[in-house]
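Chemist: Under our numbering, the first residue of the sequence shown carries the number 3, and numbering increases by one thereafter.
Below you will find the structure I want to go over with you.
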Amino acid sequence: MKVKEIATAAGVNPDTVRFYTREGLLQPTRNPDNNYQQYDADDLRRLRFARKARQLGFSLPEIRQILEQADDHHSPCPMVRDVFQQRLAEVEREIAELQKLRARMVSALSTWQDMPDGTPDGHTICRLIEHWDTPSSTSCCEESE
Numbered sequence: 003m004k005v006k007e008i009a010t011a012a013g014v015n016p017d018t019v020r021f022y023t024r025e026g027l028l029q030p031t032r033n034p035d036n037n038y039q040q041y042d043a044d045d046l047r048r049l050r051f052a053r054k055a056r057q058l059g060f061s062l063p064e065i066r067q068i069l070e071q072a073d074d075h076h077s078p079c080p081m082v083r084d085v086f087q088q089r090l091a092e093v094e095r096e097i098a099e100l101q102k103l104r105a106r107m108v109s110a111l112s113t114w115q116d117m118p119d120g121t122p123d124g125h126t127i128c129r130l131i132e133h134w135d136t137p138s139s140t141s142c143c144e145e146s147e
């Protein structure tokens, strides 16, 4: 298969195929007649695997490590579980942080609806930001960190 053919078969664009080839995840041979890269069924399997792993949040180095273990006939599954468990915990922390940020944003926007616009006067830059969490605005706006 040529680049375009393997890309179509895997549901990716040709640049993705070229990228994974440069990164060493795919190892095409060269056609001696035209010097085009030729991909085989194993490359297609690895490309599909890499695509699924990326969709699950695995990094390129992690995918490389998984493939290397598989190439050495060792099960990468224990490593996959460990990495995935750590990644899930990271994602959950990020979601919690984003939820806190969202609550602060909703609170600030609610407070700002009734505040007049201010002009910088040498003491303030933007009073919306500078006073959004002060007790005089509303008690709901205090940061809980």
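Built from N, CA and C at the ideal position, the CB exists for glycine as well.
The structure displayed is predicted, hence computed values, not measured ones.
Measure the C-alpha to C-alpha separation of residue 15 and residue 105 and round it to an integer number of angstroms.
Modeler: Approximately 39 Å between the Cα atoms of the pair.
Chemist: Tell me whether the beta-carbon of residue 58 lies closer than 8 Å to the beta-carbon of residue 27.
Modeler: no
Chemist: I'd like the ranges of any alpha helix (DSSP H) spanning at least 4 consecutive residues and lying wholly in the stretch 7–78.
Modeler: The stretch 7–78 contains, as complete alpha helix (DSSP H) runs of 4+ residues, the segments 16–24, 43–57, 62–73 (chain order).
Chemist: If you run the structure through DSSP and keep just helix, strand and coil, what is residue 122?
Modeler: Residue state, collapsed to three classes: coil.
Chemist: Counting pairs of beta carbons, one from the stretch 49–64 and one from the stretch 79–93, are three or more of them closer than 8 Å?
Modeler: yes
Chemist: Quick one, which of 22, 3, 82, 123 has its alpha-carbon nearest residue 53's?
Modeler: 22
Chemist: Determine, using beta-carbon pairs with one atom in the stretch 71–80 and one in the stretch 33–46, whether at least three such pairs fall under 8 Å.
Modeler: no
Chemist: Nearest to residue 122 by CA position, among 20, 131, 18, 94, is which residue?
Modeler: 131
Chemist: With a CB to CB cut of under 6 Å and the five nearest residues on each side skipped, what residues in its chain are close to residue 72?
Modeler: 78
Chemist: Could you say which of 108, 96, 133, 85 lies nearest to residue 119 if we only look at CA atoms?
Modeler: 133
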